[in-house]
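Protein chains: 2
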Amino acid sequence: MSERYDIRLSGSGGQGIILMGIILAEAIGIYDGKYVAQTQSYGPEARGGSSKAEVVVSDSDIDYPKALKLDLLVAMDQKACDDYYMDLKPDGTLIVDTTFVKQVPITRAYQIPFTRIAREKFNREMTANIIALGAITRLTSVVSPRAIESAVLSRVPKGTEKLNRDALKAGMAAASKVQKIAFPEIPKEHENEDT
Amino acid sequence: MSERYDIRLSGSGGQGIILMGIILAEAIGIYDGKYVAQTQSYGPEARGGSSKAEVVVSDSDIDYPKALKLDLLVAMDQKACDDYYMDLKPDGTLIVDTTFVKQVPITRAYQIPFTRIAREKFNREMTANIIALGAITRLTSVVSPRAIESAVLSRVPKGTEKLNRDALKAGMAAASKVQKIAFPEIPKEHENEDT
Numbered sequence: 180m181s182e183r184y185d186i187r188l189s190g191s192g193g194q195g196i197i198l199m200g201i202i203l204a205e206a207i208g209i210y211d212g213k214y215v216a217q218t219q220s221y222g223p224e225a226r227g228g229s230s231k232a233e234v235v236v237s238d239s240d241i242d243y244p245k246a247l248k249l250d251l252l253v254a255m256d257q258k259a260c261d262d263y264y265m266d267l268k269p270d271g272t273l274i275v276d277t278t279f280v281k282q283v284p285i286t287r288a289y290q291i292p293f294t295r296i297a298r299e300k301f302n303r304e305m306t307a308n309i310i311a312l313g314a315i316t317r318l319t320s321v322v323s324p325r326a327i328e329s330a331v332l333s334r335v336p337k338g339t340e341k342l343n344r345d346a347l348k349a350g351m352a353a354a355s356k357v358q359k360i361a362f363p364e365i366p367k368e369h370e371n372e373d374t
Numbered sequence: 180m181s182e183r184y185d186i187r188l189s190g191s192g193g194q195g196i197i198l199m200g201i202i203l204a205e206a207i208g209i210y211d212g213k214y215v216a217q218t219q220s221y222g223p224e225a226r227g228g229s230s231k232a233e234v235v236v237s238d239s240d241i242d243y244p245k246a247l248k249l250d251l252l253v254a255m256d257q258k259a260c261d262d263y264y265m266d267l268k269p270d271g272t273l274i275v276d277t278t279f280v281k282q283v284p285i286t287r288a289y290q291i292p293f294t295r296i297a298r299e300k301f302n303r304e305m306t307a308n309i310i311a312l313g314a315i316t317r318l319t320s321v322v323s324p325r326a327i328e329s330a331v332l333s334r335v336p337k338g339t340e341k342l343n344r345d346a347l348k349a350g351m352a353a354a355s356k357v358q359k360i361a362f363p364e365i366p367k368e369h370e371n372e373d374t
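For the protein sequence lines, the chains are Y and U, in the order given.
Here the numbering used here is used: the first residue of the first sequence is 180, the next is one more, and so on.
Here the numbering used here is used: the first residue of the second sequence is 180, the next is one more, and so on.
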């Protein structure tokens with residue numbers, strides 16, 4: 180059986196969740212050359228202002244394109260986090276925007292203030308989704324850095340390429356910092372003691 | 180069983196097919212209030228420059244979000260038309276951009292030069308997808324005129340609202356003209372003769 184990797188990106192309308200899904204899917208599907216299905220579903224909750232986009236990655240043709248149990252959940256606001264963290268696999272990855280997610284349901288979540296970084300570093304809240312894409316790239320191996328950069332640059336409005344490339348890099352940097360806190364390196368001496 | 184209406188929008192990269200899918204799905208899902216699933220799949224064909232977006236509409240929750248047999252196929256280039264017209268239901272609707280589709284596989288296709296209209300009327304090829312959305316609105320009852328306009332205006336770049344509203348209207352007008360040729364009204368006198 181082929182391996183699936185199921186992703187849900189979630190938040191509220193205006194946070195650029197759909198564009199995030201499209202860019203991630205194009206990066207993996209067109210530039211990294213894997214099979215990808217990208218879906219958004221609208222039902223009564225769409226009128227409530229919630230927004231979600233799903234990306235399913237596989238090394239072969241994808242029969243069922245909706246995300247099932249999640250390997251990766253990105254929650255850009257509290258409601259999305261509350262609604263969806265139960266869909267995570269036991270070893271699934273949770274990434275939250277701590278600008279809006281104040282209560283994190285599991286301790287091993289990656290907590291990064293995407294929107295605050297967007298405001299303070301770029302004076303543009305709208306770049307929070309691109310910063311989050313940078314973090315996804317660094318914290319998972321689902322997409323290559325080169326592919327995500329190509330996909331971002333092909334989708335963002337003309338004239339904003341530098342801004343968005345910088346946003347992507349800021350997301351990668353923020354993720355590296357968080358990763359060091361979550362998984363500190365074992366000092367060399369200790370490694371030697373064990374062997 | 181609930182009624183599904185399965186749509187595939189297809190063409191080549193750069194024709195704005197994905198955006199077309201997103202706008203159509205948001206119009207139907209958010210503004211018209213139905214259940215919608217919108218999907219794009221990437222496989223080896225994505226590297227060939229083909230682009231397709233699917234929209235499934237229902238009056239209840241959608242289990243399987245990929246399009247099955249098509250109620251509506253929009254083909255913005257010849258390859259898309261050739262690849263997908265076999266997926267149409269016997270009574271399905273085919274709309275083609277005659278700027279690029281020179282060989283139409285079935286006679287009852289709606290044939291409109293979306294890209295030529297975009298060039299000649301708006302001097303912007305990029306509006307062809309919005310013109311096509313106007314035609315879809317007029318030729319099917321899958322989306323309301325008010326919903327499609329709201330969704331277009333919420334997705335297009337700031338400052339291009341008037342251009343895109345005009346493009347939408349041009350698509351509706353072109354569709355009305357084609358519809359009259361395909362289904363000419365029976366003159367009043369003849370109706371009277373029959374009764």
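Each residue gets a CB set at the ideal place from its N, CA and C atoms; glycine is no exception.
### Query
If we count the other Cβ atoms within 10 Å of its Cβ and call it buried at 16 or more, is E205 of chain U buried or exposed?
The residue you call residue 205 of chain U lines up with position 26 of the second sequence. Buried, because 16 or more other Cβ atoms sit within 10 Å of the Cβ of E205 of chain U.
### Task
Below 8 Å CB to CB, which residues in the same chain sit around S355 of chain U once its five sequence neighbours on both sides are set aside?
In the second sequence, residue 355 of chain U corresponds to position 176, counting from 1. Only R317 meet the Cβ criterion.
#### Entry: the stretch 245-264 of chain U / the stretch 191-205 of chain U touching (three or more Cβ pairs under 8 Å)
yes
### Query
In the DSSP assignment, what are the bridge partners of A232 of chain U?
One-based indexing of the second sequence puts residue 232 of chain U at position 53. Bridge partners of A232 of chain U: U:L188.
### Message
Whole angstroms are fine: how far does the CA of V275 of chain U sit from the CA of K300 of chain U?
### Response
Residue 300 of chain U sits at position 121 when you count from the first residue of the second sequence. Residue 275 of chain U sits at position 96 when you count from the first residue of the second sequence. When rounded, the distance between both Cα atoms is 19 Å.
### Query
Given a threshold of 16 other Cβ atoms within 10 Å of its Cβ, counted over all protein chains shown, does Q217 of chain Y qualify as buried or as exposed?
Residue mapping note: residue 217 of chain Y aligns to position 38 of the first sequence, counting from 1. Counting Cβ neighbours within 10 Å, Q217 of chain Y comes out buried, since at least 16 surround it.
### Task
Please classify R183 of chain U: is it buried, with 16 or more other beta-carbons within 10 angstroms of its beta-carbon, or exposed?
For the purposes of this step, residue 183 of chain U is taken as the residue at position 4 of the second sequence. That one is buried.
### Message
Going by DSSP in three states, G208 of chain Y sits in which element: helix, strand or coil?
### Response
Locating residue 208 of chain Y in the first sequence gives position 29, counting from the first residue. Helix at G208 of chain Y.
### Message
For a quick check, are the C-beta atoms of I202 of chain U and V331 of chain U less than 8 Å apart?
### Response
Taking the first residue of the second sequence as position 1, residue 202 of chain U is located at position 23. Taking the first residue of the second sequence as position 1, residue 331 of chain U is located at position 152. Yes.
### Query
Who are V321 of chain U's beta bridge partners in DSSP?
As a working note, residue 321 of chain U is residue 142 in the second sequence. Partner(s): none; V321 of chain U has no beta bridge.
### Query
Where does L252 of chain U fall in DSSP's three states?
Here the question's residue 252 of chain U lines up with position 73 in the second sequence. Three-state DSSP puts L252 of chain U in a strand.
### Query
Terminal residues of the continuous beta strand (DSSP E) containing Q290 of chain Y?
Residue mapping note: residue 290 of chain Y aligns to position 111 of the first sequence, counting from 1. Where Q290 of chain Y is concerned, the enclosing beta strand (DSSP E) stretches over Y289 to I291.
### Task
Could you tell me whether the Cβ of S229 of chain U comes closer than 8 Å to any Cβ of chain Y?
Position 50 of the second sequence, counting from 1, holds the residue named residue 229 of chain U. No, its Cβ sits nowhere closer than 8 Å to a Cβ of chain Y.
### Query
Assuming A288 of chain Y and A297 of chain Y make a contact with CB atoms under 8 Å, what is their CB distance in whole Å?
Start at 1 with the first residue of the first sequence, and residue 288 of chain Y comes out as number 109. Start at 1 with the first residue of the first sequence, and residue 297 of chain Y comes out as number 118. That belief does not hold up - the Cβ atoms of A288 of chain Y and A297 of chain Y are roughly 19 Å apart, past 8 Å.
### Task
Have a look at U:L188, U:V322 and U:V283 and flag the residue whose alpha-carbon is nearest the alpha-carbon of L251 of chain U.
Residue mapping note: residue 251 of chain U aligns to position 72 of the second sequence, counting from 1. Checked all of U:L188, U:V322 and U:V283; the closest Cα to L251 of chain U is U:L188.
### Query
Hey, is the stretch 224-236 of chain Y in contact with the stretch 335-355 of chain Y, meaning 3+ C-beta pairs nearer than 8 Å?
no
### Query
Can you round the beta-carbon distance between V215 of chain U and Y243 of chain Y to whole angstroms, since I take them to be within the 8 Å contact cut?
Mapped onto the second sequence, residue 215 of chain U falls at position 36. Mapped onto the first sequence, residue 243 of chain Y falls at position 64. Incorrect: roughly 18 Å between the Cβ atoms, too far for contact.
### Message
At the 8 Å Cβ level, is R226 of chain Y part of the contact set with chain U, yes or no?
### Response
Position 47 of the first sequence holds residue 226 of chain Y. At least one chain U Cβ lies under 8 Å of R226 of chain Y.
### Query
Would a C-beta distance cut-off of 8 Å place I285 of chain U and A353 of chain U closer than the cut-off?
In the second sequence, counting from the first residue as 1, residue 285 of chain U sits at position 106. In the second sequence, counting from the first residue as 1, residue 353 of chain U sits at position 174. Cβ atoms of I285 of chain U and A353 of chain U: not closer than 8 Å.
### Query
How would you write the range of the beta strand (DSSP E) that D276 of chain Y sits in, first residue to last?
By 1-based counting over the first sequence, the position of residue 276 of chain Y is 97. That run of the beta strand (DSSP E) goes L267 to D276.
### Query
In the DSSP assignment, what residue or residues form a beta bridge with Y221 of chain Y?
By 1-based counting over the first sequence, the position of residue 221 of chain Y is 42. In DSSP, Y221 of chain Y forms a bridge with U:V215.
### Message
Counting only beta-carbon separations shorter than 8 Å, does K258 of chain Y have a partner in chain U?
### Response
Here residue 258 of chain Y refers to the residue found at position 79 of the first sequence. Chain U contact via Cβ: absent.
#### Entry: Simplified DSSP assignment, three categories, for R183 of chain U
Residue 183 of chain U sits at position 4 when you count from the first residue of the second sequence. Correct three-state label for R183 of chain U: strand.
### Task
Would you tell me roughly how many angstroms separate the C-alpha atoms of I207 of chain Y and T319 of chain U, rounded to the nearest one?
Locating residue 207 of chain Y in the first sequence gives position 28, counting from the first residue. Locating residue 319 of chain U in the second sequence gives position 140, counting from the first residue. Computed Cα separation, rounded: 34 Å.
### Proximal residues of chain U, C-beta to C-beta of V215 of chain Y below 9 Å
Looking up residue 215 of chain Y in the first sequence gives position 36. The answer, in chain order, is Q219, S220, Y221, G222 and A225.
### Task
In angstroms with no decimal places, state the Cα-to-Cα distance between E328 of chain U and I360 of chain Y.
The residue given as residue 328 of chain U occupies position 149 in the second sequence. The residue given as residue 360 of chain Y occupies position 181 in the first sequence. Looking at the two C-alpha atoms, the distance is approximately 48 Å.
#### Entry: Cut-off 7 Å between Cβ atoms - residues of its own chain near L267 of chain Y, not counting five sequence neighbours on either side
Residue numbering aside, residue 267 of chain Y sits at position 88 when the first sequence is read from its first letter. If we look at L267 of chain Y and ignore the five residues flanking it on each side, its Cβ neighbours are L249, L252 and L273.
#### Entry: Nearest-angstrom Cα separation, counted from P269 of chain U out to F293 of chain U
As a working note, residue 293 of chain U is residue 114 in the second sequence. As a working note, residue 269 of chain U is residue 90 in the second sequence. Spanning the two alpha carbons is a distance of roughly 25 Å.
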